[in-house]
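Protein chains in written order, with the numbering used here: chain L, 1 to 146; chain X, 1001 to 1163; chain R, 2001 to 2350. For glycine and all other residues, C-beta sits at the position ideal for the given N, C-alpha and C. Comments concern the structure below.
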Amino acid sequence: MTEVLSAPHSMEFPYTRSTGPMVGAFLTGLRDRRVLGVRDSAGRVVVPPPEYDAGTAAVLPADELIEVASEGVVTSWSWNPKPRLGQPFEQPFAWVLVQLDGADTGLLHALDAPRDAIRTGMRVRIRWAEEPVGFIKDIACFEPAP
Amino acid sequence: MTAEPITGIVTPIRLDYTYTPGTSPSQFLRGMKEGRILGRRCPSCAKVYVPPRGGCPMCGVEFAEEVRVADTGTLVTFAVVNVNFANRVIDLPYVSGEVRFDGSDTTSMVLVQGIPVDQVRMGMRVKAHWLPRDEWDFTFANIDYVEPLDEPDADYESYKEFV
Amino acid sequence: MRDVAVVSFAQSATRRDQTRNEVEILLPVLREAMAPTGLTTHDIGFTCSGSSDYLAGQAFAFVSALDAVGPWPPIQESHVEMDGAWALYEAWVRLQHGDIDTALVYAFGKSSPGDVARVLSLQLDPYVTGPLWPDAISLAALQARAFLEAGHDEKDLARVVARSRRNAVGNPHAQLSGDIDEATLLDEPLYADPLRMHDCPPISDGAAVVVLAAGDKARELCERPAWIRGIDHRIDVQALGSRDLSQSASTRLAGEKAGVGGRADLAELHAPFSHQELIVAEALGLDETATSINPSGGALASNPVMVAGLVRIGEAARRLSAGEGERAVAHATSGPALQQNLVCVLEATS
């Protein structure tokens, strides 16, 4: 059998995105080490804040954001045995959904904790990047709360 | 440190693949490695495709036999390029042309050299100029450019369907 | 509504296919699907395909895939950057216009050239989730944990996998099959905790083709057409942390609108991860004791991305046409952790 011809092929897109008022306000908050959410029509505080209400499609108020805590509770988690390019850690780590105190929804990010210490319901807090710039990676990861 | 609100972010993406060309294109690339232009014939309309991809795009059928195509052909149309693309190191202006290699029913985009830009003509007969043999790889780029043949221009009727 | 039926279906074997390109995979499948109908490309009223350029990293791959159809002189066609099940939905809508009687639907995808779990990150919101590059396996595992902790057992997942492997033994197109018991599966180590490797789908390249026809045309082309009695698709809110991952509200609603009514002789559910089959079956009110679930082995046995959803509809229809039942439910999903769901109810009678 003839050997299969193959070649490496990479695609790169340097996307620049306009954030709009809602995402922009959320990211501006992160730069100040504050996490902001918005109250939806069902009365839930949603973090990160969506631009439109999931239930009614109404525009949600970007100028009435609510600050929530930088500490909260793990609502689900999974172990990532094979970290991939661009992910928060190069070593195996956990993904978590965290409901921050004051929020009613989960925020997805990585958790820096040993696998056998991780439980749904555990208390975690944000570890901030050393120099926040207004990006989701201003949250470096979550870590167990003391 | 700025206090301006965030209005935009940069989110670059990069995806890495291992590309495999498929059966017919692989055959074409193996031919190029040996200095031969290999096309494949459609069993339905009898057209020869260079390079062949998956099947005849007109008839929607799998290709039949392999056909060796000449490295001489007719320049069916061309453009004079006055602006350089990134990474392209060719003296400006240059001519980029579509050549129908003799025996093929498709055209290929190639660089035209060996003639002043203002003397290039549609219908001009050309021949492939190959890179030195020890530089041949699995690529159409083994044909460095085409240059004029000392032959009369082809009659327009003979190549008009390719323009 | 105009009665529309699946009158023919074909699919490729699935595997990592390094030797053939998309068109070369698609061509024999198209020929196989068209043959029993006696139709040619130019007898078809409308052609619609589903695929994703990101899978193999080739821009406008769907245009070159049209080569397989033989689209000259130009045909009426369309494309969705989605699983082919959504292309079938578009074709079904197109047939409702009433001016054409047949449609060709196809899907193709090669997951093997790239890292498909990472490629699928591009389906995420690109502002606050995408930059973290969460892969499809990790997100499915987050969902699996939510499902398990809502009162389910990992034995349920093993049962799904064992049945998939067993059913796939009879499916020549499947990639993973075999007789393996649940205890052996549970002895395997956790991979993307709480998922084991076998709870995740294989990497598959493949293609599938469905021919649809309306009314008398369907009866003319097929002895026992599989009639589409209802079809609907719905989507859940994008943020993964804003929905209950242990359930699928969009599947439930699509199932209600399509008229599932908890009744089916067989069901083909597009669940690339084991727990997802249980979530979808629950949302559709399907009971394993009354309905044969994934008799083909489903997406756990073979998961050509962008194709596997269309295969569910094709498999369900094929089995009805072959007399394996009178009523079937087919489901397709797209996006992370069952983001979007399409449900199709099919019936066939002699």
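Where residue i sits in the DSSP three-state scheme
i, result
"T1072 of chain X", "strand"
"A94 of chain L", "strand"
"F13 of chain L", "strand"
"L2039 of chain R", "coil"
"I2025 of chain R", "helix"
"L65 of chain L", "coil"
"G2110 of chain R", "Contrary to the premise, residue 2110 of chain R reads as Lys rather than Gly in this sequence. Correct three-state label for K2110 of chain R: strand."
"Y1017 of chain X", "strand"
"T2289 of chain R", "coil"
"S2250 of chain R", "helix"
"P2126 of chain R", "coil"
"W2135 of chain R", "Just to set this straight, residue 2135 of chain R is Asp in the shown sequence, not Trp. Here D2135 of chain R sits in coil by DSSP."
"Y2054 of chain R", "helix"
"G2298 of chain R", "helix"
"N80 of chain L", "strand"
"D2216 of chain R", "helix"
Chain L contact for residue i (CB, 8 angstroms cutoff)
i, result
"F1140 of chain X", "no"
CB-CB length for residue i against residue j, believed under 8 angstroms
i, j, result
"V73 of chain L", "R123 of chain L", "6 angstroms"
"L2148 of chain R", "P2134 of chain R", "Not really, about 19 angstroms apart at Cβ, beyond 8 angstroms."
"S2274 of chain R", "L2300 of chain R", "6 angstroms"
"D2101 of chain R", "G2045 of chain R", "6 angstroms"
"R84 of chain L", "R2118 of chain R", "5 angstroms"
"Q2143 of chain R", "S2250 of chain R", "No, Q2143 of chain R and S2250 of chain R are not in contact; Cβ-Cβ is about 13 angstroms, not under 8 angstroms."
"S2052 of chain R", "G2114 of chain R", "S2052 of chain R to G2114 of chain R, Cβ: 11 angstroms. No contact."
"G1073 of chain X", "V1117 of chain X", "With 8 angstroms as the limit, G1073 of chain X and V1117 of chain X do not qualify as a contact, their Cβ atoms being about 19 angstroms apart."
"L2212 of chain R", "A2103 of chain R", "4 angstroms"
Selected residue, minimal CA-CA separation from residue i, among the options
i, options, result
"L2342 of chain R", "R:G2325, R:G2230, R:R2163", "R:G2230"
"I2279 of chain R", "R:L2055, R:R2145, R:L2066", "R:R2145"
"P1057 of chain X", "R:E2182, R:D2067, R:I2137, R:A2056", "R:D2067"
"D2232 of chain R", "R:E2081, R:Y2089, R:T2289", "R:Y2089"
"A1978 of chain R", "R:G2259, R:A2103, R:S2242, R:Q2247", "The structure shown has nothing for residue 1978 of chain R, since chain R only spans 2001 to 2350."
"A2290 of chain R", "R:R2263, R:T2102, R:S2164, R:A2337", "R:R2263"
"F26 of chain L", "L:G37, L:D112, L:P132, L:A58", "L:G37"
"P146 of chain L", "L:E51, L:L30, L:R31, L:E71", "L:E71"
"L2111 of chain R", "R:Y2127, R:P2272, R:L2055", "This sequence places Ser at residue 2111 of chain R; Leu is not what is there. Of R:Y2127, R:P2272, R:L2055, the residue nearest in Cα terms is R:L2055."
"T1106 of chain X", "X:E1098, X:V1112, X:E1062", "X:E1098"
"A1141 of chain X", "X:D1118, X:S1026, X:V1010, X:M1032", "X:M1032"
"Y1157 of chain X", "X:R1133, X:W1136, X:E1151, X:G1123", "This sequence places Glu at residue 1157 of chain X; Tyr is not what is there. Out of X:R1133, X:W1136, X:E1151, X:G1123, X:G1123 has the C-alpha closest to the C-alpha of E1157 of chain X."
"D2083 of chain R", "R:S2064, R:L2338, R:A2258", "R:L2338"
"H2097 of chain R", "R:L2212, R:G2314, R:G2285, R:R2002", "R:R2002"
"G2323 of chain R", "R:L2284, R:A2330, R:P2225, R:E2277", "R:P2225"
"P164 of chain L", "L:S6, L:R31, L:I118, L:H9", "The question about residue 164 of chain L has no answer, for chain L in this structure spans 1 to 146."
"S1026 of chain X", "R:L2027, R:R2020, R:S2078, R:A2087", "R:R2020"
"V2116 of chain R", "R:L2240, R:G2335, R:V2069", "R:G2335"
Cutoff 7 angstroms; reference residue i; Cβ partners in own chain excluding five residues on either side
i, result
"F1164 of chain X", "Nothing about residue 1164 of chain X can be read from this structure; chain X reaches only from 1001 to 1163."
"R2319 of chain R", "L2266, P2295, G2325, A2328"
"C1045 of chain X", "C1056, M1058, C1059"
"L2190 of chain R", "R2196"
Residues of its chain near residue i, where Cβ-Cβ distance is below 6 angstroms and the 5 sequence neighbours each way are ignored
i, result
"Y2106 of chain R", "S2049, V2209"
"R1041 of chain X", "V1048, A1064, E1065, V1067"
"L2253 of chain R", "R2234"
"S41 of chain L", "D53, G55, T56"
"Q2076 of chain R", "F2046"
"G2206 of chain R", "S2012, T2014, P2304, V2307"
Short CB-CB distance (under 8 angstroms) between residue i and chain X
i, result
"Q2018 of chain R", "yes"
"L27 of chain L", "yes"
"S2064 of chain R", "yes"
"W2072 of chain R", "yes"
"D2352 of chain R", "Absent from the structure is residue 2352 of chain R, since the part of chain R shown begins at 2001 and ends at 2350."
Chain R within 8 angstroms of residue i, Cβ atoms only
i, result
"V23 of chain L", "yes"
"E1004 of chain X", "no"
"Y1019 of chain X", "yes"
"E1062 of chain X", "yes"
"P48 of chain L", "yes"
"I126 of chain L", "no"
"R1030 of chain X", "no"
"L1131 of chain X", "no"
Sequence-distant residues of its chain with Cβ nearer than 8 angstroms to residue i (five each side left out)
i, result
"D2179 of chain R", "R2165, R2166, V2169"
"V1069 of chain X", "I1037, L1038, G1039, V1048, V1050, F1101, D1102, G1103, S1104"
"P88 of chain L", "H109, A110, K137, A140, C141"
"N1082 of chain X", "L1092, P1093"
"K2155 of chain R", "E2182, L2186"
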